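Anchor point for the sequence shown: position 286 equals 1166 in the working numbering, and the numbering is continuous, going up by one each time.
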Amino acid sequence: MNRMQETGVSTQKETPERAFAKHLPIYAFFTGTGSGISYTSDVLTLLAIPWFVLQTTGSVEQTGITAFFSTLPTALSAFFGSAIVDRLGYKRTSVIGDVASAVTVALIPFAYHTIGLAFWQLLILVFLGGLLKSPGVTARSSLVPDLAELAKMPLERANAFSDGMYRVSGLIGAPLAGILIAIIGTSNLLWLDAASFFISAALIGLAVPPTPPVLKGEESAEEAKNTLARLWDGLRFLQRDALLLSIVVTVMITNLIDGALMSVVEPAYIKHVFHSALPFGLLVATFGGATFIGTLIFAAIGHRLPRRLTFGVGFTIAGAVRFWILLVPILPLLFVVHALAGLAGGGLNPLIHTIMQERIPAEMRARVFGTTTAGVLVGIPLGTFVSGYVVTGIGFEYTLLLMGTLYFLTTASLLINPALRKM
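Here it is in structure tokens:
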């Protein structure tokens, strides 16, 4: 019983102003991290950088090396950056991460148009960009439960909307990238990316309530020395939870293959077959748009679906076929298969985030989310680095067959993995 009830004062109906105040932070969060802003810009960068390397060097191997240098620091900072999140707080880390990423991204076109940009300099900049990005991603993942609680929104729905914003960014950003690459060039496209990070930082900084740091400033010096030990807490938590560990291992393997496809193999293959960035952008848009629809469906009925079956079947349908169908380079057919795959995979990320947020104590979120992010990203640098040499060695066709087969074996195993019964 609350204090008003205890004193005999009746509660009044919530005013529209108070309702708006409760919902404003989460809607500002969705807008700042998704929709047409930072996530869309991430898609622009996803297409612009590999296309920039392919156009300037003509080398699939160097495209893979560039992807390696952009993804390796992301995995590293996801693990070690969780300590930063704990000390700064979720909101502050998100804002600082966006501003730092904006500056790093802007340096690429700035250097290219002024003093020139050598390949090794590009590698340094993409490395720094990846290094600064993950703590902000970890902080934003940790913000969702608190903002959902403030807005009285079911956690499944909040995660579905959050992931849906990311997915719709593919629908907006991918074809836009293909068009803008043709009109203004890949280097100029990165200016838009930098600007969007600043906008995201402003929205979250102004509209989201402050979040206190998990580690207070008055902690003793001895406790501050135990930062590494606190990071290992996240790893030990995963080791004790068979369900979360199975999810992390599965996503790590599929991300390895997906990273190689999106950053190296598919753009190089599309350039080889269609000689244009536009088909690649349209395929990414189709997949992203269909996945967005899938997240809306999950937002409406996801809390009623059997989790294990949804996870296993969705992952299997959304995976291997996308690789194999590229061997039949007929654009209408590619669009249909990418749409079906996106629709099937729409509920995967919201479901994963919901399970994690339910099983992880609030005080452990940053550490476990950081460790988990590092785990699911750690394979991507290897996949992107090796894929360029694999394509050169055995050709596009055998590479796509191999990648699709590995993906299928990994995702189909989810249907028989006993750890997933705990879903």
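By construction, the Cβ of each residue, glycine as well, lies at the ideal position given by its N, Cα and C atoms.
Every value quoted in this text rests on a predicted model; they were computed, and no experiment measured them.
Taking a cut-off of 8 Å for Cβ pairs, the stretch 1290-1300 and the stretch 979-986 do not touch, as fewer than three such pairs fall below it.
Sequence-distant Cβ neighbours of A1198 in its own chain, meaning closer than 6 Å and more than five residues away, are A1221, A1224 and G1225. Only buried fits R972, as 16 or more other CB atoms lie within 10 angstroms of its CB.
Listed in chain order, the alpha helix (DSSP H) runs fully inside the stretch 1158-1189 are 1158-1181, counting runs of at least 4 residues. A1031 places its beta carbon less than 8 Å from that of I906. Using a Cβ-Cβ distance cut-off of 8 Å, the stretch 1263-1273 and the stretch 1136-1151 are in contact, since at least three pairs of beta carbons, one from each stretch, lie closer than that value. For the 8 Å CB-CB criterion, F1178 and H1218 do not form a contact.
T984: member of the alpha helix (DSSP H) spanning Y970 to H993, first to last residue. Secondary structure note for I1079: its alpha helix (DSSP H) is the uninterrupted segment T1066 to A1087. Residues of the same chain with a CB within less than 6 Å of the CB of V965, apart from the 5 flanking positions on each side, are T973, P1015, T1018, A1019 and A1246 in chain order.
Between S1022 and F1160, the gap from beta carbon to beta carbon reaches 8 Å or more. Secondary structure note for A1224: its alpha helix (DSSP H) is the uninterrupted segment L1211 to A1224. With at least 16 other beta carbons inside 10 angstroms of its own, H1233 counts as buried. Counting only the Cα atoms, T1272 lies some 8 Å from E941. In this structure, the straight-line span from the alpha carbon of G1284 to that of G1194 is close to 15 Å. In its chain, beyond the 5 residues on either side, P953 and S957 have a beta carbon closer than 6 Å to the beta carbon of L1011. Nearest Cα to L1115 within the set H1183, V1256 and G969: V1256. L1300 sits close to L1123, with the two beta carbons spaced by under 8 Å. Here A928 is near I1061, since their CB atoms are less than 8 Å apart. Contact between the stretch 1071-1090 and the stretch 931-951 is absent: fewer than 3 CB-CB pairs across the two stretches fall below 8 Å.
Put simply, of I1127, A955, G1065 and P1055 the residue whose alpha carbon is nearest the alpha carbon of F932 is G1065. In the same chain as Y970, and ignoring 5 residues on each side of it, the C-beta atoms closer than 7 Å to its own belong to A1019, S1022, L1023 and T1091, in chain order. Taking the C-beta atoms as reference points, M1303 is found no nearer than 8 Å to R1120. In this structure, the straight-line span from the alpha carbon of N1135 to that of I1260 is close to 6 Å. Judged by beta-carbon spacing, L1280 lies beyond the 8 Å limit of L1214, meaning their Cβ atoms are not closer than that value. Taking the Cα of I1173 as reference, the smallest distance to any Cα among F1007, G1009, S1042 and L934 is reached at S1042. The beta carbons of W1071 and P1147 sit no closer together than 8 Å.
L1176 and F1191 have their C-alpha atoms roughly 16 Å apart. The DSSP-derived three-state label of P1241 is coil. At the C-beta level, V1088 and A908 come within 8 Å of one another. With a threshold of 16 other beta carbon atoms within 10 Å, T994 falls short and is exposed. Rounded to whole angstroms, the Cβ separation of H1155 and P1034 is 47 Å, and the two are not in contact under 8 Å. Taking C-beta atoms as the reference points, A1074 and V985 count as a pair closer than 8 Å. Looking at the backbone, the Cα of L1185 and that of G1275 are separated by about 41 Å. Apart from the 5 residues on each side of it in sequence, L1228 sits with its Cβ closer than 8 Å to the Cβ of F1191, G1194, F1195 and A1198 in its chain, given in chain order.
In the DSSP annotation of this structure, the continuous segment of the alpha helix (DSSP H) that includes L1136 starts and ends at A1122 to A1140.
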